[in-house]
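The sequence shown begins at 11 in this note's numbering and counts up by one.
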Amino acid sequence: MFHVSTELDRNDFTWSRKVRKRFYLFGDIMLIIIITTKQRQEFNDFVPFVLPALYNTYVVMVSYLEKDKRSMEICGMPQNSFALTSWAACRRIIDWDKRLDIVSRWNNPSVFATLQSFEDMNFNKSLPSTIINPFDRKENYNMDRWIAFIFSIINITAKHRYASHYIIESPHLELGYKLGDEDFINSETAGAVDNIKPFIPVIMRATGFQYLACYRQRYKTFAIYISPFKSELWLTLLITLVLLISLSLMYKYFTYISFCAWIFVLATLFEETCPVSKQIESTSHFRLTFGSWCLMSVILTNCYSGLMISELNAPLPSFQPRTFSDLICSKLSVNQTNTIPNMFDAVENSTPTDILNMFMQIGNYLTLLTHPVVNQRNNPYRRNECFGLYSIPAKKRFVRPSDAHPEFLGYLIDEIFLSANIKWLRNPFFDKQLNLMVKLFWPIHSHHPRKFNFTWSNFNMTQLRQSIETELVECGKTVFIARSEDLQTEYNFLSSKYPWHKFYRGKEVLHETLTGVVFRFTRNSKLSFYYKSLVETGIQGRVEQEIASRANLHRDPVASESMKNFKEIKSGDSIQLNGAFSTFLIVWSAAVAISLPAFVFEVRNSIYVGIKFAVCIACFKFIKGCNRFRTKCVQSKQKRRYY
Numbered sequence: 011m012f013h014v015s016t017e018l019d020r021n022d023f024t025w026s027r028k029v030r031k032r033f034y035l036f037g038d039i040m041l042i043i044i045i046t047t048k049q050r051q052e053f054n055d056f057v058p059f060v061l062p063a064l065y066n067t068y069v070v071m072v073s074y075l076e077k078d079k080r081s082m083e084i085c086g087m088p089q090n091s092f093a094l095t096s097w098a099a100c101r102r103i104i105d106w107d108k109r110l111d112i113v114s115r116w117n118n119p120s121v122f123a124t125l126q127s128f129e130d131m132n133f134n135k136s137l138p139s140t141i142i143n144p145f146d147r148k149e150n151y152n153m154d155r156w157i158a159f160i161f162s163i164i165n166i167t168a169k170h171r172y173a174s175h176y177i178i179e180s181p182h183l184e185l186g187y188k189l190g191d192e193d194f195i196n197s198e199t200a201g202a203v204d205n206i207k208p209f210i211p212v213i214m215r216a217t218g219f220q221y222l223a224c225y226r227q228r229y230k231t232f233a234i235y236i237s238p239f240k241s242e243l244w245l246t247l248l249i250t251l252v253l254l255i256s257l258s259l260m261y262k263y264f265t266y267i268s269f270c271a272w273i274f275v276l277a278t279l280f281e282e283t284c285p286v287s288k289q290i291e292s293t294s295h296f297r298l299t300f301g302s303w304c305l306m307s308v309i310l311t312n313c314y315s316g317l318m319i320s321e322l323n324a325p326l327p328s329f330q331p332r333t334f335s336d337l338i339c340s341k342l343s344v345n346q347t348n349t350i351p352n353m354f355d356a357v358e359n360s361t362p363t364d365i366l367n368m369f370m371q372i373g374n375y376l377t378l379l380t381h382p383v384v385n386q387r388n389n390p391y392r393r394n395e396c397f398g399l400y401s402i403p404a405k406k407r408f409v410r411p412s413d414a415h416p417e418f419l420g421y422l423i424d425e426i427f428l429s430a431n432i433k434w435l436r437n438p439f440f441d442k443q444l445n446l447m448v449k450l451f452w453p454i455h456s457h458h459p460r461k462f463n464f465t466w467s468n469f470n471m472t473q474l475r476q477s478i479e480t481e482l483v484e485c486g487k488t489v490f491i492a493r494s495e496d497l498q499t500e501y502n503f504l505s506s507k508y509p510w511h512k513f514y515r516g517k518e519v520l521h522e523t524l525t526g527v528v529f530r531f532t533r534n535s536k537l538s539f540y541y542k543s544l545v546e547t548g549i550q551g552r553v554e555q556e557i558a559s560r561a562n563l564h565r566d567p568v569a570s571e572s573m574k575n576f577k578e579i580k581s582g583d584s585i586q587l588n589g590a591f592s593t594f595l596i597v598w599s600a601a602v603a604i605s606l607p608a609f610v611f612e613v614r615n616s617i618y619v620g621i622k623f624a625v626c627i628a629c630f631k632f633i634k635g636c637n638r639f640r641t642k643c644v645q646s647k648q649k650r651r652y653y
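The structure is reproduced here in structure tokens:
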């Protein structure tokens, strides 16, 4: 009997021969039968803790001798407590055929604890008992009421507990659980068996960091001038023009007729007239070819103008960041960022100047973050042309100093400086991840909004949200970073309150994890299975969506001035003379400049005659002026002689 615990322990574990590691097997509804020749009275003399303290569902049946020492009796022992100190809990089963009914009627845990957040410090607070409609927005509804409703259905009392889940020995439910978080813990931890704490997770979603912004960098290209027509139409049009001009030049060469075909074609394209000599105008060749071309040119030019106007009225193409790498302002090589985990050792050795400058900036920024008051003005390395990466602190207990910072900034600090995996995870993938995190943490990016003093112990969450919203709706280089579910709520609010801005979310999800709830030390309770059914049917998700929508129910937009300037913003986006319309003037000027030499060459005779005539007139006027001057001089001399 002293080896019962060891044997049960072996049945709950298995060994992997390849890696020689031990893995836990979650036994479910396991029946253990112990046959002994001892009597029941002798059980109380055994050493306590005979059965292993494993919190799975199993039942122990013991067959022992009766007092007459001739017949056998059977008793059942529900694995219902953390430490069994006596066999007195073994309950006699008279009718073996009804053993399952007897076991099913054994009491389940009647009290569950829900872990408490740092905002609520009441140790003995009970969950609300009043049941209300979760979709009635006149009532204040939160997750506490939903949990209380679920527990009330199966007659379970739920209370808040302000304690870490790894020291609670009673059954409890943990919200906001991340898969893989503290499942394997220290052997000294209460409730753990061989470094393992039994748990039943219910995964509901995959979440991670995403960003929200409305920043766009618009640009114009000359592709807009060829976009109205497809390439096939442009090719056909070019072939047609070449054939028309070539045939006209050949006809002109053999008939000795003065006619400039390409000027006529160019004039029809720009909807202008061009004089044609009667000699070629009366020919059938000209009427068939150029007559058809004139008709087609009218159709083509009108279609081109209409499509061009549509293109100009449409939004201009723009660049918007899609991934976290697009938010990077300055590049750092992988070799530079790989020295971050051993930063202090690298400073003592011979290190390049660029790496030392990076160490100095990061070290000074870490020192700045330890100050009681942190704001954007205190960061001397911030650049206005770099993105501001804003987030709000997570609602959780302050376990580490990084929990007091904005959530995304705290995540970067943990992963770069506090994570034990950084020092031994050396492969190209993790090197790139570390490189990205260091570049996002680099102080040239601001992590705190302007005009807001961030303090560790006391700050106004509402004012912080308003400061971030004010900068975000300016559509500058500012992004708001949060978990996927929180970002969706913020996206819905901003899109509805600022419809003239087109907000978008990043396509990349950073640090994606599976989250949900976890039941620990549940014993033989069916609560976890009931809760899982609510998740699988979508009821849990719909209630969470309703609770999330209530977060912004009475929230007003802070940038009210943007609503007043809405018309000015829309008019500023239109095409003006100093905007895209100037490109048309450039194109027309270029066309005139190119055609001017050809025009001069075509009218060279007229220009020569005109210049010759102008020179003759100038010479005539010059000679005439000289004669007049000579006459005046002669007359003046004659007058002097007379006097």
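Ideal Cβ positions, reconstructed from N, Cα and C, are used throughout, including at glycine. Predicted model only: the values in this text are computed from it and were never measured.
- Per the C-alpha coordinates, the member of 254, 470, 153, 312 positioned closest to residue 280 is 312.
- Within the same chain, and ignoring the five residues on either side of residue 304 in sequence, the residues whose Cβ sits closer than 6 Å to its Cβ are 278.
- Going by beta carbons, residue 147 and residue 563 fall inside the 8 Å limit.
- Under the three-state reduction of DSSP output, residue 85 falls in the strand class.
- Counting only residues of its own chain and dropping the five nearest sequence neighbours on each side, residue 211 has a CB closer than 7 Å to the CB of 187, 189, 526, 528.
- A direct Cα-Cα distance of roughly 51 Å separates residue 552 from residue 241.
- For the pair residue 384 and residue 338, the Cα-to-Cα distance works out to about 23 Å.
- A straight line joining the alpha-carbon of residue 227 with that of residue 487 spans about 10 Å.
- Cβ-Cβ separation between residue 269 and residue 258: approximately 7 Å, consistent with a contact (criterion under 8 Å).
- Residue 488 carries a strand assignment under DSSP once its states are collapsed to helix, strand and coil.
- The region 625-637 and the region 292-299 do not touch, with fewer than 3 CB-CB distances between them shorter than 8 Å.
- The continuous beta strand (DSSP E) containing residue 213 extends over residues 209-223.
- Rounded to the nearest whole angstrom, the CA to CA distance from residue 492 to residue 111 is 50 Å.
- In the DSSP assignment, residue 400 is bridged to 490.
- C-alpha of residue 458 to C-alpha of residue 471: approximately 13 Å in a straight line.
- For the pair residue 399 and residue 489, the CB atoms are nearer than the 8 Å cut-off.
- Out of 276, 145, 48, the CA that lies nearest to the CA of residue 606 is found in 276.
- Ranked by how close their Cα comes to the Cα of residue 482, the residues 618, 507, 450, 464 have 507 in first place.
- In this structure, residue 390 and residue 401 do not form a Cβ contact; the two beta carbons are roughly 22 Å apart against a cut-off of 8 Å.
- The bridge partners DSSP lists for residue 44 are 72.
- Secondary structure note for residue 526: its beta strand (DSSP E) is the uninterrupted segment 520-530.
- Under the criterion of beta carbons closer than 8 Å, residue 499 and residue 561 qualify as touching, at roughly 6 Å.
- Taking the CA atoms as reference points, residue 642 sits about 22 Å from residue 627.
- It is roughly 13 Å from the alpha-carbon of residue 183 to the alpha-carbon of residue 156.
- Going by DSSP, residue 474 is part of the alpha helix (DSSP H) stretching over 471-482.
- Exposed is the label assigned to residue 102, since fewer than 16 other Cβ atoms lie within 10 Å of its Cβ.
- According to the DSSP assignment, residue 554 belongs to the alpha helix (DSSP H) that extends over 549-560.
- Per DSSP, residue 516 lies in no alpha helix (DSSP H) segment and is marked neither H nor E.
- Taking the Cα of residue 421 as reference, the smallest distance to any Cα among 511, 380, 521, 343 is reached at 521.
- Residue 314 and residue 302 have their alpha carbons spaced roughly 18 Å apart.
- Close CB contacts of residue 149 within its chain, under the 6 Å cut and outside five residues either way in sequence, are with 142 (chain order).
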